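Enquirer: Mind having a look at this structure? Questions to follow.
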């Protein structure tokens with residue numbers, strides 16, 4: 438996965454100690470297209486990273502975290518069969534059959550995933566920091582949770598701030 442992070446606006450980051458999530462249900466579907474199960478993994482991973490940095494989750498928080506992104510398919514076309522293949526016309530075999538498998542255009546789809554983490558000052562409603570992970574998440578459904586957690590960790594490895602410590 439490719440990771441990018443930017444400090445967007447100057448802010449007094451030393452004064453922040455709490456966070457809350459923006460409601461993804463209010464976002465257009467084009468901005469948040471993860472399945473409900475993957476949304477759960479994503480929110481849990483971000484909460485873990487924020488908690489690790491000393492922030493607490495609460496209503497009326499100093500920071501608002503807006504998550505965006507999703508998965509889209511990018512397909513590639515396989516190699517076409519040769520115009521004439523003597524194996525295709527053997528008795529007992531229909532066209533397009535080959536003893537080693539079908540000889541046809543193959544659709545090979547890659548799931549390109551993008552995860553965007555926006556951290557916003559709750560008082561000014563200005564975007565302070567943004568982290569983005571993009572690339573092929575995984576082809577195995579059982580690995581999705583782990584890969585989401587890894588991508589979020591990689592994003593937050595570029596987040597330079599920690600929560601304000603109360604005296």
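Residue numbers (the working numbering): 438 to 604.
The beta carbon of each residue, even a glycine, is placed where N, CA and C say it ideally should be.
All values reported here derive from a predicted model rather than from experimental measurement.
Can you tell me whether residue 550 is buried or exposed? The criterion is at least 16 other CB atoms within 10 Å of its CB, across all chains shown.
Expert: Here residue 550 refers to the residue found at position 113 when the chain shown is read from its first residue. By the 10 Å Cβ count, residue 550 comes out buried.
Enquirer: Determine the extent of the beta strand (DSSP E) in which residue 569 is found, giving its start and end residues.
Expert: For this step, residue 569 is matched to residue 132 along the chain shown. Start and end: 564-573.
Enquirer: Strictly by DSSP, which residues pair up with residue 442?
Expert: For the purposes of this step, residue 442 is identified with residue 5 of the chain shown, where counting begins at 1. According to DSSP, which records beta bridges pairwise, residue 442 is partnered with 568.
Enquirer: For the beta strand (DSSP E) holding residue 458, just list the boundary residues, first then last.
Expert: Residue mapping note: residue 458 aligns to position 21 of the chain shown, counting from 1. It spans 455-458 - the beta strand (DSSP E) in which residue 458 sits, taken as one unbroken run.
Enquirer: What residue from 484, 485, 503 and 471 has the CA that sits closest to residue 567's CA?
Expert: The residue given as residue 567 occupies position 130 in the chain shown. Ranking the options by Cα distance to residue 567, first place goes to 503.
Enquirer: On the three-pair Cβ rule with 8 angstroms, is the segment 471-487 touching the segment 442-450?
Expert: No, because fewer than three Cβ pairs between the segment 471-487 and the segment 442-450 fall closer than 8 angstroms, the two stretches do not touch.
Enquirer: The alpha helix (DSSP H) with residue 591 in it runs from where to where?
Expert: Here residue 591 is taken as the residue at index 154 of the chain shown, counted from 1. Its alpha helix (DSSP H) spans residues 581-593.
Enquirer: Identify every residue that forms a DSSP beta bridge with residue 497.
Expert: Within the chain shown, residue 497 is the residue found at index 60, counting from 1. Residue 497 pairs with nothing; no bridge assigned.
Enquirer: By the three-class DSSP mapping on this structure, what secondary structure does residue 516 have?
Expert: Translated into the one-based positions of the chain shown, residue 516 becomes position 79. Bear in mind that the predicted position of residue 516 carries a pLDDT of just 49, short of 50, making it unreliable; the figure below should be weighed with that in mind. If DSSP states are grouped into helix, strand and coil, residue 516 belongs with coil.
Enquirer: Here's the rule: buried if 16 or more other CB atoms are within 10 angstroms of the residue's CB, otherwise exposed. What is residue 516?
Expert: The count along the chain shown starts at 1 and reaches residue 516 at position 79. Residue confidence for residue 516 is low, a pLDDT of 49 falling below 50, so the modelled location carries little weight; the figure read from the coordinates is stated next. With fewer than 16 other Cβ atoms within 10 Å, it is exposed.
Enquirer: Excluding the 5 residues preceding and the 5 following residue 569 in the sequence, name in chain order all residues of the same chain whose CB lies nearer than 6 angstroms to its CB.
Expert: Here residue 569 is taken as the residue at index 132 of the chain shown, counted from 1. Result list for residue 569: 441 and 553, in chain order.
Enquirer: Skipping 5 residues on each side, what residues in its chain have a beta carbon closer than 6 angstroms to that of residue 419?
Expert: With the chain covering only 438 through 604, there is no way to say anything about residue 419.
Enquirer: Taking all protein chains shown into account, do 16 or more other C-beta atoms lie within 10 angstroms of the C-beta of residue 479, making it buried, or fewer, making it exposed?
Expert: Counted from its first residue, the chain shown places residue 479 at position 42. Buried, since its Cβ has 16 or more Cβ neighbours within 10 Å.
Enquirer: Is residue 602 helix, strand or coil when you go by DSSP?
Expert: For this step, residue 602 is matched to residue 165 along the chain shown. Note: residue 602 maps to coil in three-state DSSP.
Enquirer: Would you call the CB atoms of residue 460 and residue 581 closer than 8 angstroms?
Expert: Residue mapping note: residue 460 aligns to position 23 of the chain shown, counting from 1. Residue mapping note: residue 581 aligns to position 144 of the chain shown, counting from 1. Cβ atoms of residue 460 and residue 581: not closer than 8 angstroms.
Enquirer: Going by DSSP, what residues sit across from residue 509 in a beta bridge?
Expert: Your numbering for residue 509 matches position 72 in the chain shown. Residue 509 is bridged to 549.
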